[in-house]
Every structure is written in C-alpha cells, then in structure tokens.
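Residue numbers (our numbering): 432 to 876.
First comes the structure, then the notes that go with it.
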Ligand code: XLS
Ligand code: NI
Ligand code: NI
C-alpha cells in the first residue's frame, strides 16, 4: 500500500494495513479468520466474498438518531466548503478502504457529492466528485461494486420518487439516476442498485397502487435502456425492504420483486440485492430470501448486516452471527457464487462507538464472520451433509414413477393409480436435530 495519502493528510493515524494474523492473535486490529489469499473451493476468500465498504455509513454517518444529535465528530467532515468536504471525505474513504483491504466500495450520489436543488449544479457536483473518486480508484486499485441515487432523503420525495403521483418529481428522480448511471460507467461500476425507500404508500384511500407500480416499471425500463446505451453491462439490482421509511414498500421481499420483474419483463437485466436485516423485517430469514432470489436465477448481491431480534427496525448492525452467515454462504455457494455481486457492509457502528478505530473493529468483525461462514459452508458441502440431509429426502423422484412425474410423463389418474398400489407409506424423519448437531460440529469442532 502506498504510504502517500492522496490529500497529504492521514485520517487514521496509528492504524496500518490490517493483516491476517490467525485465530490465536490478540491484536484487535488484525483479521483472525479472513485470509484474502486462502483458497476455499477453488477460489480465494477475496474472490468469493468480494467485500465492499458502504460510503454512507462509514464516511457520512455521525451517530445522530431521532432522539439525539451527532456523537461522531469525523475529522473529514469539518470543511466549510461542501466540495472541499467531499474531497477530504474521499481521501479518508480511500485511506480507510486500503488500510482495511476490502476490494470494493458502494455509494449514493449525495454521500459523496454535495446535493443541489438546481439540476445543473447537482450534475456539476457529481461530475467533480466522481473525478476525485476515479483518481483515487486509480491510485489505490479500489473498485466500485455499485452506486445508487438517494431518492428518499430530500423532501421532494416524501410521496415517492418513481412512484410519486406528481410527474415533476418522477422526472427529477431521473436526473439523479441518469447522473449515477453516468458515474457508474465512468468509475467502472459492476452493478447498479435501486432501493425504493419511498416507493410505496401509507394508505390506499389516496393511492393508485397499480398506476404507481406501472410508473416504477416504466422508469426502471427507461433507466435500463439508458444504462445499456451508455455501455453499462452489469446487472441492475433491486433491493427489497418491506417498510421503513414507507409504511408499505412495493419491493417488500425477494418474492415480491420477482413477481414485479416478471410482470414487467425486467428479470434478467434486473436482479436482486438481498439485505439481511430487510429480509428479517419482512418476516423472513436472511437465507430464505437469498434462496428465493437464487432459485429464480436472480441473486445479484448482498447487503451484509444484521438486525436486533428485540426490535423491529433496520438497526444496520455489523454481522457477527456466524450461524446465520454460514447458512447464507451455503446458499451462495450452492448458487455458484455471487457473480458480479459482493458482500457490502450496509452497516454502521453504534451511536456510542465514537473512536475512529471502531470503524475498523466493525469491518474486521464482519469480514471475519463471513470468512468463518464461507469455510463452514464449504465443509458442510464437502462432508456430504447436503447430500445426506437434503438430496436424499427426494430419492423417490430419482427413478420409477417419481422420475416419470418429474419428467411430466404422468397424468393425474396415473398418480391415483400409483397410490392405489401402495400398501403403507412409511414415515421418513426430517432429522432436524441431527442436522443442527452436525452443523455445530462443523462450526466449533
Ligand atoms: C436502507 C437501504 C439502503 C440501500 C441503498 O435501508 O439498505 O442503504 O442499501 O440505498
Ligand atoms: Ni441496503
Ligand atoms: Ni437497510
């Protein structure tokens, strides 16, 4: 890593490159499990996990919440001039990324560039700041996993962006998406994300849901066509979430997104970005929503975080639950990986984690969690547990009448006749407890 910090200033003094030191290390600023070059199932950990840092949480958050002011006074957020502040933030960002050793980052337009109501001024800010980002990408080798437009914070989006009943707002949203697609191509982004925080409604008396969803679909098709026209080749990703900030969000979970994409003929160009805590807010387990997306061939990427089982909002905590992460990585490995997607830490340090180094502890923990999970998931497959506990349950479909059924060769009457010839159907245990024991043995054995 270059010791020359781009702006000449070091924002994280005293912290060097985070290295892998192994599980016996008691250095809190080292990886215990994430060894980027370690080969698992034929690929390095770095290639499997494709970690990304989220600009908004790590560089922009200040610890404020609905009950209190900022607690995290970041040295890169001090400049009075917004473009100077953006530049210092970019310096701090790339210093953080390279010291951490995550290969990717993700950002919203207004995380990185100053917002402006005037369209031309907004576009100019984006142009200026994305040039700063490009310069820093080139200097460090960092890559852009995805970017997105923030179409939920500005008051103009209080009734939605692409689903706003006012066409003027919808068209203003296009300004941001167009600018972010241009930025994506400029920065070599590998995916482009849409998260529709305000694309939903609070009550149906004043909402034409069908019309709003048609507008959303048309907006997305136009964005897709523009992206393809300017040379964006990656997938567009929809990130589901059932609520917060909207009461009902249209993209509520993976299944809802799949239905939407198929209805409007967008599947393929569009895939899904599953966020752990969004799945749990939808009442689904994280691995469940991953599997739903994967089964449809639409698993694009992951926002890695966790919620809190005692409360029902998006706490965006760093992932530390190795059991859940192992289950998630099992789905990812069975999917053949994440393609151009990755694991983006859409997660923030707690309000009272006020030291700069807490940002490192948080990411180290998340990366180690998924490194453990990747290895464990690989062992689950390598030791034949999927075969033994899952595939074997479907044996009756592998030959004879069961196979003919799967091949579409049986009529409904054939099913009846087959059943009539069976004397007794034996009970076959699902073996849940034995599986759980075997997984614990893999994780902690
Ligand atoms: C909010 C979302 C958001 C998206 C990007 O809940 O997770 O951060 O990932 O707009
Ligand atoms: Ni997210
Ligand atoms: Ni979220």
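We treat Cβ as the ideally placed atom computed from N, Cα and C, and that holds for glycine.
| Check | Outcome |
| --- | --- |
| Boundaries of the beta strand (DSSP E) in which residue 449 is found, first to last residue | Where residue 449 is concerned, there is no enclosing beta strand (DSSP E), given that its DSSP letter is neither H nor E. |
| Under 8 Å between C-beta atoms of residue 570 and residue 543 | no |
| Limits of the unbroken beta strand (DSSP E) element including residue 732 | 730-734 |
| Any 3 or more C-beta pairs closer than 8 Å across the region 577-592 and the region 607-623 | yes |
| Contact belief for residue 734 with residue 670 at Cβ below 8 Å, rounded distance in angstroms | 7 Å |
| Residue 747 CB to nearest heavy atom of ligand 3 below 7 Å | yes |
| Residues bridged to residue 483 [DSSP beta-bridge criterion] | 535, 775 |
| Beta-carbon gap between residue 812 and residue 870 smaller than 8 Å | no |
| Residue 715 CB to nearest heavy atom of ligand 3 below 7 Å | no |
| C-beta atoms of residue 533 and residue 484 nearer than 8 Å | yes |
| Classification of residue 668 by the beta-carbon crowding that lies within 10 angstroms, buried from 16 upward | buried |
| Residue 587 - DSSP class collapsed to helix/strand/coil | helix |
| Exposure of residue 637, with buried meaning 16 or more beta-carbon neighbours within 10 Å | exposed |
| Where residue 760 sits in the DSSP three-state scheme | helix |
| Within 8 Å, strictly: CB atoms of residue 776 and residue 797 | yes |
| Among 686, 487, 528, nearest to residue 567 - alpha-carbon criterion | 528 |
| Heavy atom of ligand 2 within 7 Å of residue 734 beta-carbon | yes |
| Own chain residues within Cβ distance below 7 Å of residue 761, not counting five before or after | 808, 811 |
| Residue 670 Cβ short of 7 Å to ligand 1 heavy atom set | yes |
| Where residue 509 falls: helix, strand or coil (DSSP) | coil |
| Distance cut-off 7 Å: residue 777 Cβ against heavy atoms of ligand 2 | yes |
| Contact test: residue 871 Cβ vs ligand 3 heavy atom, cutoff 7 Å | no |
| Contact belief for residue 486 with residue 510 at Cβ below 8 Å, rounded distance in angstroms | With a Cβ gap of about 17 Å, residue 486 and residue 510 do not count as contacting. |
| Environment of residue 720 [buried if 16+ CB atoms lie within 10 Å] | buried |
| Opposing strand residues paired with residue 461 [DSSP bridges] | 450 |
| Of the residues 785, 655, 589, 838, the one placed nearest residue 612, counting alpha carbons only | 655 |
| Rounded C-alpha distance that separates residue 840 from residue 862 | 31 Å |
| Near ligand 1: residue 471 beta-carbon under 7 Å from a heavy atom | no |
| Minimum C-alpha distance to residue 596 - residue among 635, 481, 453 | 635 |
| Residue 701 vs residue 692 beta-carbon contact at 8 Å | yes |
| Alpha carbon of residue 710 to alpha carbon of residue 722, nearest angstrom | 11 Å |
| Selection from 530, 874, 479, 502 that minimises the alpha carbon distance to residue 772 | 479 |
| Secondary structure of residue 780, DSSP reduced to three states | coil |
| Which listed residue (823, 833, 785) has its alpha carbon closest to that of residue 489 | 785 |
| Best match in 647, 563, 473, 856 for proximity to residue 626 [C-alpha to C-alpha] | 647 |
| Extent of the continuous alpha helix (DSSP H) to which residue 623 belongs | Where residue 623 is concerned, there is no enclosing alpha helix (DSSP H), although the beta strand (DSSP E) it sits in stretches over 622-626. |
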